[in-house]
Structures are given as structure tokens and as C-alpha cells.
Amino acid sequence: MGKGGWQEFSAGASTARPAAAGAADTPRPQQRVRVQRTKAGKGGKTVTAITGMEISDADARALLKRLKARAGSGGTLKDGVIELQGDQVAICLETLTAEGFRPRQAGG
10 MGKGGWQEFS AGASTARPAA AGAADTPRPQ QRVRVQRTKA GKGGKTVTAI TGMEISDADA
70 RALLKRLKAR AGSGGTLKDG VIELQGDQVA ICLETLTAEG FRPRQAGG
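Put into C-alpha cells, the structure is as follows:
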């Protein structure tokens, strides 16, 4: 990127965590899981994004299914980031804590 370049903060490349050799071996309580409410690039719609989880794709899909059922909303898994429709921060924090993670709310 050259001088004066601008990059959107919520772009997938900027929020992706670097893959470490033992990434899958990190215990759930030690992972930096962030739950953030955002509207960036979603046409003004509020989305709850969960980033920083170092789990397999199959485990992430199973977790997404449980989160969608608990929140009563739709969602998707894109590039290792779980996105739920609407403001579901409180529900996500409760569910992730019950799953053994130590989630933190990011942003406002």
C-alpha cells in the first residue's frame, strides 16, 4: 500500500489472525475471542461479528448453528469469522462463555 492509502478496518485481511504452527492446540480459555457489533459494508444493517477463534471449520459451523438457534436469527461463517444478523452481542458472550471461551466485547 502506498503513501496515503486507506484500508477499511473491518476488511477480512486486516482482522485475520496470523496462523501459527500450533494454532489448533491453543486452549479455548486462552484464545482472544472478540465479539463486535458492526455495520461496515453491510448496507446499514447491524451485524454481530465473532473473530479470533482458533477452532476447526466443522467446530465453527456447529457453534454457528447453536448461536443462530439461541439468538433466533440468521448468520454465516466467512473466512473464519462468524457473523450473526442483528445486535446479538449479549447472547454471543453468554453462549461463548458456556462453550469454554473467554470472549470480550470489542468496540462500543
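Start counting the sequence shown at 10; every next residue gets the next number (the working numbering). Ideal Cβ placement from N, Cα and C applies to all residues, glycine included.
Here Leu102 has Val44, Pro112 and Gln114 as same chain residues with Cβ atoms under 8 Å from its own Cβ, once five neighbours each way along the sequence are excluded. The three-state reading of DSSP puts Lys74 in helix, counting H, G and I together. The residue among Gly95, Gly50, Thr55 and Arg37 with its C-alpha nearest the C-alpha of Arg79 is Gly95. Look at Ala49 here: in three-state DSSP terms it is coil, with no helix or strand label.
For Arg37, the three-state secondary structure derived from DSSP is helix.
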